[in-house]
Every structure is written in C-alpha cells, then in structure tokens.
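**Student:** Pasting a structure below so you can have a look.
Number of protein chains: 2
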Amino acid sequence: MTAKKLLMQHPFDEALALTPRPAGAHEHGAAAACHYFGRTHPAYANMVGPFGGVTAAQALQAVLRHPQRLGDPVSLTVNYAAALADGEFSIEARPLRTNRSTQHWLVLLTQTGADGVDATVLSATAVTAARRRTWSADDAVMPVVPAPQSIARPVIAKRVKWIERYDMRPCAGPMPSHWDGSEADSLTQLWMRDDPPRPLDYLSLTALADVFYPRVWRRRALMTPVGTVSMTVYYHAGADELAASGEGYLLGQARSQSFFNGFFDQSAELWSEAGQLLATTHQIVYYKE
Amino acid sequence: MTAKKLLMQHPFDEALALTPRPAGAHEHGAAAACHYFGRTHPAYANMVGPFGGVTAAQALQAVLRHPQRLGDPVSLTVNYAAALADGEFSIEARPLRTNRSTQHWLVLLTQTGADGVDATVLSATAVTAARRRTWSADDAVMPVVPAPQSIARPVIAKRVKWIERYDMRPCAGPMPSHWDGSEADSLTQLWMRDDPPRPLDYLSLTALADVFYPRVWRRRALMTPVGTVSMTVYYHAGADELAASGEGYLLGQARSQSFFNGFFDQSAELWSEAGQLLATTHQIVYYKE
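Protein chains in written order, with this note's numbering: chain A, 1 to 289; chain B, 1001 to 1289.
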C-alpha cells in the first residue's frame, strides 16, 4: 500500500485493522482460534477509552477475518468487561461449533495490565450463517420523519472525538439542552452515517448500533455516569442489502423499557434510507444514582 | 435428603441439579472455572432434545452455583450451537473478569459425540452485579388483559412434554387453530407460570423467557421447522421483586420485527401479576422456507 493510499484510508478502516499474531505453542492442536493484535484509534476516542461501537466492530472483524468463517453475521453479543486502555490489545476468535449452515464463535479481547498480567476486557459471541432465500417480511414500522438533508446537523459540544466521526441528524429526542432533571420519554430518532461517508458493511452497521447517547440522559435530563455492559446486534440483511444502502443515511430509533437499580435497557432499530430494517439491537447499561 | 423429599421435588429443580465435576489436571492454575455434570430432564423434553428455556436456566445455574459469584444476574446470552442429545452433558462456568460490583462470565456446555469427541452444544455469557438502590422507572406499558383466572387453560395437543410443565393462558395471539397460511401479526400475550406452581427465581424466569411458540408460526399460520439460535435475557428485578411474585402468574408479550432469509427476531417482556416488568428478552431464530 502506498503512503498516499494510507492517508486516504477511512479512519474506521484504520481502526478495524488487525495484525495476525502467531499462536503460542500451547494453542497448537486446540480448536482453530486465530489471534490478532489491534489498537484503539484516537479518532474514535470516548471519555474513557474508545467508543464501544468500534470495539464491538473490532470483535466482529476478528470473526470476519478468520479463514474458516462460514457465511455472514446473524447475531453478535459483546460484553464490555472493563474500560479499554488506549493502545494495543490482543484479540482471539475461536469457532466453537461449525454446522452445515451456521457457525458459533467466541471472541476474547485482552490487554496487559500495569501489573504485567493479561486481563479480559471484552468477551463476545457471534453466530454466522450461510443464508438462503426464504419468505421474508419486515414488520417493524419505520417512523415517518423528515429527510436527512432537511435536518440541520446540530452544533454539538465536542467533548469526545468519536462524535465527530458520525453525521447524526436528530428527528426526535435530541440530547437535552437543559440538564434540569425534568423527566421525559426515552425515545430518540435520528439519521446517522459515517463521517466522512463510507459504504455500509456489517462492521460499520455494528458500530452504528451503539451511537445513541445514553437513554437515561434523555429520560431524566441528568448526565449521570453510564457504561454499556452488554450489547446484542441481530442482522436482518445480507451483503446485497448493505451494499444497496451504500453511503446513505440510516434511520435509527432507540428507547428503554426499564431503569432498575443501576441498569437500564435500550432497544433500537436501524433502517436503510430506502426503508429496509437492517438491524435490531439491544443493550443493558450501567447507570449511577 | 430422604426419598420422600426427593419425590416431592419440583421437576424444574430436578432438571436444574448439577453435579460438581473435579477439574482435569490441565485446568489447575487457569482462571477459576467450575465444572459440573448435568442431565436433560424427560419432563422438559422438546421435539428434538430438551426445551431450550431449561437449557438456558442450566447455563445460568452453573454461574449461580459458582462459589466466586458476585451479585445477581443482570444479563444472559445463550447461543444454541447444536441440538442437545438426551442424557448427560458437561458444563463449565468461568469468571472472565471480576470488577468491584460487576462480574463477567463464560459458560460452555459440551457433550461427547458418538465419535467419542467432546463438542460444544451451547455457549453463554452472563453478567452478574451487586445492585444498589437507585432512581428507577418502569417504562414498558403492561397490556390491559383479563385476569389469568378468568381465562381457560386451552386444551393443547401434547406433542412435546415440556408444554405440560407450564400453565399458559393466552390473552391474544394463540397458536393458530387452522394452519392455512393466512398471514397475521406476530403478537402473542399470555399468562404463564410453572406447573405445578413454583416460587419465581432467576432460573425459572430465564426458562419462562423462552416459552413463546415460534413467532413465524403465528405470523404465517404455517408450522415450518424452527430453532432458536441465540437468546438474551435482561433482568430488571432483584431477589426481593422475584420473591414478591411468588407462585403468581407472569404476563408475557412477544412479537417479531423482521423475518429475513431464514432468521427472525423475537422481543418479549415479562411482567409480574402485580405489574412490575421483571425481564425483557430477545432472540434470533432459524426458520426454514
């Protein structure tokens, strides 16, 4: 790759670059795990560590790059065990079971602590499948909202870098402008895409599933400390449907059902601009107070 | 335990019994995994293998029985990698990361195949946490339905044993009476509890999250082959809230958002009879045709 090409690479693709790591001697003969090194990317920095959506995409990338991978992602669950430290991490993708048309994966992401000991910072499971054409139906009703081009991109306080990597245009439930503790519903609807634009794939779709600001901030108009504990993405599109979405906007809709003693849930849907439901996603999030 | 006490044990508790298994020599020094033997239970038999809700509960049981477990379940994701064979299985629960108030778990369930080789039949991840009392809010609106006592328990074709272990009283979206391919919505609402009644706990709540018959059967009035691939449960209740539910009914509501080329999703909520949202749950399910 030339230097010029490198400079032109999208920051998301830079973030998703994994370097194969030779397996340790103890790994030979075990199930066919692949090991990689990855790095957090400064363009996707969050308050502490990186934006979790990119970390989820890195976990999925380890599966997609595995030479024995069968088919496309159907589901992904990512458990955020600890805040990632900025810098290098190790990532391991292991096929736990390969069936005729489905495959089950375990992904573990580790970092070496100040004490020199490797610790798990993220675990993930994924299912990939060779899909066949069947009867299909899109039952989730896409909300009727103004076109993305008609909505001004809000001027946001750029406290965190990753926010700048997404073009987000809220249709409903924007970030509260007054943090006054006034209770509201937890619903947000917004158009979203990578900035700069980038053709949609399973990796960017995964990251986009995590762009919603914390529902408890909307619900309470209070900026309390939060952290996603576990996120699941179900993929309802093949590579053709993702390609058809191209660099267009996705419409995202998110809301919560329960806030209970320190943990709230979030359910969200992501539609292509043309109106196809591409993914549904759920997460459980820690909150303080 | 006396023979009489054994005879009086609830079949669910019989199914959830795990026998500690000494770790192999290669396990010493590794993270503190606990190994158990479990068995499928004939009272919870499904068409092929056991009812998946009980298998999910067995995976959670391995976490709950671990001597180093911290707090109560917040989330559980179970991936069904293969149909369990009736009989014995091995189960391993490993704490991947223990933080101050949360703990991340990996559970692997294996069976020895006809070829003598151990194969993964289920993987699961879970998060447990020591919850603290915080501001809380129950946003999901419980549907207004008739009381369970006013709804007759339907006479069902007892094709599978596990159905007899649940007292289910449909309020809306019952199993189609005519399999004529007429399309409908995917919604089902029903009262549910163990049969015989059993005080609610995290284990039975987990199994109850999986009692809904396949959404695609309701949606299409066609009984096509199906199989849950991955299920996630988010727990929105502490031990006190579960105890308050006692042996009462839970109201369950389930529907799908997408049926796409062989996989559909299901999202569901479970409320106590008194109206508290105890769990939300999501799954992705394989379907044929």
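We put the CB at the ideal spot given by N, CA and C, even for glycine. These numbers come from a predicted model, not from an experiment.
1. Mind checking the segment 143-164 of chain A against chain B and listing, in chain order, the residues whose C-beta falls within less than 7 Å of any C-beta there?
2. Beta-carbon within less than 7 Å of B:Met-1142's beta-carbon, same chain only, minus the 5 sequence neighbours each way: which residues are those?
3. So is B:Ile-1284 in contact with chain A if we call contact Cβ pairs under 9 Å?
4. Show which residues of chain B have a CB atom less than 8 Å away from the CB atom of A:Trp-135.
5. Determine the burial state of B:Asp-1115: buried for a count of at least 16 other Cβ atoms within 10 Å of its Cβ, exposed for fewer.
6. Mind reading off the beta-carbon distance from A:Leu-109 to A:Val-117? Whole number of angstroms is fine, and I expect it under 8 Å.
7. Give a yes or no on whether the C-beta atoms belonging to A:Gly-91 and A:Ala-130 are separated by under 9 Å.
8. Residue range of the beta strand (DSSP E) that B:Trp-1191 falls in?
9. Assign A:Arg-153 to one of two classes, buried (16 or more other C-beta atoms within 10 Å of its C-beta) or exposed (fewer than that).
10. What are the boundary residues of the alpha helix (DSSP H) that A:Arg-218 is part of?
11. Name, please, each residue of chain A whose Cβ falls closer than 9 Å to the Cβ of B:Ala-1082.
12. Would you call the CB atoms of A:Val-78 and A:Met-223 closer than 9 Å?
13. Would you identify the three-state DSSP class for B:Phe-1264, choosing helix, strand or coil?
14. With a threshold of 7 Å on Cβ separation, who are the neighbours of A:Phe-212 within its own chain once the five nearest residues in sequence on each side are excluded?
15. On the CB-based measure, 16 or more other CB atoms within 10 Å of its CB, does A:Asn-261 come out buried or exposed?
16. Strictly by DSSP, which residues pair up with B:Ile-1091?
17. Given that A:Asn-46 touches chain B, what residues does it touch there, using C-beta distances under 7 Å?
18. Determine which residues of the segment 205-236 of chain A have a Cβ less than 8 Å from any Cβ of chain B, and write them out in chain order.
19. With a cut-off of 8 Å, do at least 3 Cβ pairs link the segment 1080-1095 of chain B to the segment 1049-1063 of chain B?
20. In the DSSP assignment, find the unbroken beta strand (DSSP E) run with B:Thr-1019 in it and report its ends.
21. Closer than 9 Å, CB to CB, is B:Val-1117 near chain A or not?
22. Compute the distance between the beta-carbons of A:Arg-220 and A:Pro-11, then report whether it is under 9 Å.
23. Taking the C-alpha atoms as reference points, what is the distance between B:Asp-1290 and A:Glu-88?
24. Are the beta-carbon atoms belonging to A:Gln-283 and A:Asp-210 less than 9 Å from one another?
25. Taking CB distances under 9 Å as the criterion, tell me whether A:Val-63 reaches chain B.
26. Within a Cβ cutoff of 8 Å, which residues of the same chain sit near A:Gln-9, ignoring the five residues on either side of it in sequence?
27. Report the residue from B:Glu-1014, B:Asp-1013 and B:Phe-1037 whose alpha carbon sits nearest the alpha carbon of B:Pro-1022.
28. So who's on the other strand from B:Ser-1075, going by DSSP bridges?
29. Under a three-way DSSP split, which group does A:Glu-14 fall into?
30. Can you look up A:Pro-50 in the DSSP assignment and give me helix, strand or coil?
31. Under 8 Å between beta-carbons, which chain B residues line up against A:Asp-265? List them in chain order, please.
32. Just to confirm, is the Cβ distance from A:Ala-279 to A:Tyr-249 under 9 Å?
33. I need the straight-line Cα distance from B:Gln-1103 to B:Val-1160, nearest angstrom please.
34. Under 9 Å between beta-carbons, which chain E residues line up against A:Gly-71? List them in chain order, please.
35. Within 10 angstroms of its Cβ, does A:His-28 collect 16 or more other Cβ (buried), or is it exposed?
36. Over what stretch of residues does the alpha helix (DSSP H) that includes A:Leu-84 continue unbroken?
**Tutor:** Quick look at the numbers:
1. Here the close residues number zero.
2. As a first step, residue 1142 of chain B is located in the second sequence; it is residue number 142 there, counting from the start. Taken in chain order, the residues that qualify are Leu-1251, Trp-1271 and Gly-1275.
3. For the purposes of this step, residue 1284 of chain B is taken as residue 284 along the second sequence, with counting starting at 1. Between B:Ile-1284 and chain A, the shortest Cβ-Cβ separation is below 9 Å.
4. Here residue 135 of chain A corresponds to residue number 135 of the first sequence, with the count starting at 1. Near A:Trp-135 (Cβ distances below 8 Å), the residues of chain B are Arg-1220, Phe-1259 and Glu-1289.
5. Residue numbering aside, residue 1115 of chain B sits at position 115 when the second sequence is read from its first letter. When all chains shown are included, B:Asp-1115 counts as exposed.
6. Position 109 of the first sequence holds residue 109 of chain A. Position 117 of the first sequence holds residue 117 of chain A. About 15 Å separates the two Cβ atoms, so there is no contact after all.
7. The sequence position of residue 91 of chain A within the first sequence is 91, counting from 1. The sequence position of residue 130 of chain A within the first sequence is 130, counting from 1. Looking at the sequence shown, residue 91 of chain A is not Gly but Ile. Taking C-beta atoms as the reference points, A:Ile-91 and A:Ala-130 fail to come closer than 9 Å.
8. As a working note, residue 1191 of chain B is residue 191 in the second sequence. B:Trp-1191 -> beta strand (DSSP E) spans 1188-1194.
9. What you label residue 153 of chain A is simply residue 153 of the first sequence in a count that begins at 1. Exposed: under 16 other Cβ atoms inside 10 Å.
10. The residue labelled residue 218 of chain A in the question sits at position 218 within the first sequence. Element bounds for A:Arg-218: 215-220.
11. Start at 1 with the first residue of the second sequence, and residue 1082 of chain B comes out as number 82. Chain A residues near B:Ala-1082: Arg-97, Asn-99 and His-104.
12. Translated into positions along the first sequence, residue 78 of chain A becomes position 78. Translated into positions along the first sequence, residue 223 of chain A becomes position 223. Judged by beta-carbon spacing, A:Met-223 lies beyond the 9 Å limit of A:Val-78, meaning their Cβ atoms are not closer than that value.
13. Within the second sequence, the letter at position 264 stands for residue 1264 of chain B. Correct three-state label for B:Phe-1264: strand.
14. The residue given as residue 212 of chain A occupies position 212 in the first sequence. Correct list, in chain order: Thr-188, Gly-252, Ala-254, Gln-266 and Ala-268.
15. Here residue 261 of chain A is taken as the residue at index 261 of the first sequence, counted from 1. Buried, by the Cβ-count rule.
16. The residue you call residue 1091 of chain B lines up with position 91 of the second sequence. B:Ile-1091 pairs with B:Tyr-1036 and B:Leu-1109.
17. Stepping through the first sequence from its first residue, residue 46 of chain A is reached at position 46. Here the premise fails: no neighbours, minimum Cβ distance about 18 Å.
18. From the segment 205-236 of chain A, only Arg-219, Arg-220, Val-229, Ser-230, Thr-232, Tyr-234 and His-236 have a Cβ closer than 8 Å to chain B.
19. yes
20. Locating residue 1019 of chain B in the second sequence gives position 19, where the first residue counts as 1. B:Thr-1019 -> beta strand (DSSP E) spans 1019-1021.
21. By one-based count along the second sequence, residue 1117 of chain B stands at place 117. No, B:Val-1117 lies away from the interface with chain A (no Cβ there is under 9 Å from its Cβ).
22. As a position in the first sequence, residue 220 of chain A is number 220, starting the count at 1. As a position in the first sequence, residue 11 of chain A is number 11, starting the count at 1. No, the Cβ-Cβ distance between A:Arg-220 and A:Pro-11 is not below 9 Å.
23. Outside the modelled stretch of chain B, which goes from 1001 to 1289, sits residue 1290 of chain B, for which no answer is possible.
24. Along the first sequence, read from residue 1 onward, the residue named residue 283 of chain A stands at position 283. Along the first sequence, read from residue 1 onward, the residue named residue 210 of chain A stands at position 210. Cβ atoms of A:Gln-283 and A:Asp-210: closer than 9 Å.
25. Mapped onto the first sequence, residue 63 of chain A falls at position 63. When Cβ-Cβ separations below 9 Å define contact, A:Val-63 makes no contact with chain B.
26. Numbered from 1 along the first sequence, position 9 holds the residue referred to as residue 9 of chain A. Answer for A:Gln-9: no residue qualifies.
27. Locating residue 1022 of chain B in the second sequence gives position 22, counting from the first residue. Cα-wise, what sits closest to B:Pro-1022 is B:Phe-1037.
28. In the second sequence, residue 1075 of chain B corresponds to position 75, counting from 1. Answer by DSSP bridge pairing, in chain order: B:Val-1127 and B:Tyr-1234.
29. One-based indexing of the first sequence puts residue 14 of chain A at position 14. It is helical.
30. Taking the first residue of the first sequence as 1, we reach residue 50 of chain A at position 50. Strand, per DSSP.
31. Taking the first residue of the first sequence as position 1, residue 265 of chain A is located at position 265. Correct list: Tyr-1234, His-1236 and Thr-1280.
32. Counted from its first residue, the first sequence places residue 279 of chain A at position 279. Counted from its first residue, the first sequence places residue 249 of chain A at position 249. Cβ atoms of A:Ala-279 and A:Tyr-249: not closer than 9 Å.
33. By 1-based counting over the second sequence, the position of residue 1103 of chain B is 103. By 1-based counting over the second sequence, the position of residue 1160 of chain B is 160. Answer to the nearest angstrom: the Cα atoms are 36 Å apart.
34. Of the protein chains in the structure, A and B, none is chain E.
35. Numbered from its first residue, the first sequence carries residue 28 of chain A at position 28. Caution is warranted here: a pLDDT of 47 is assigned to A:His-28, below 50, making its placement in the model unreliable, and the coordinate value is therefore given only provisionally. That one is exposed.
36. In the first sequence, counting from the first residue as 1, residue 84 of chain A sits at position 84. Element bounds for A:Leu-84: n/a, residue is neither H nor E.
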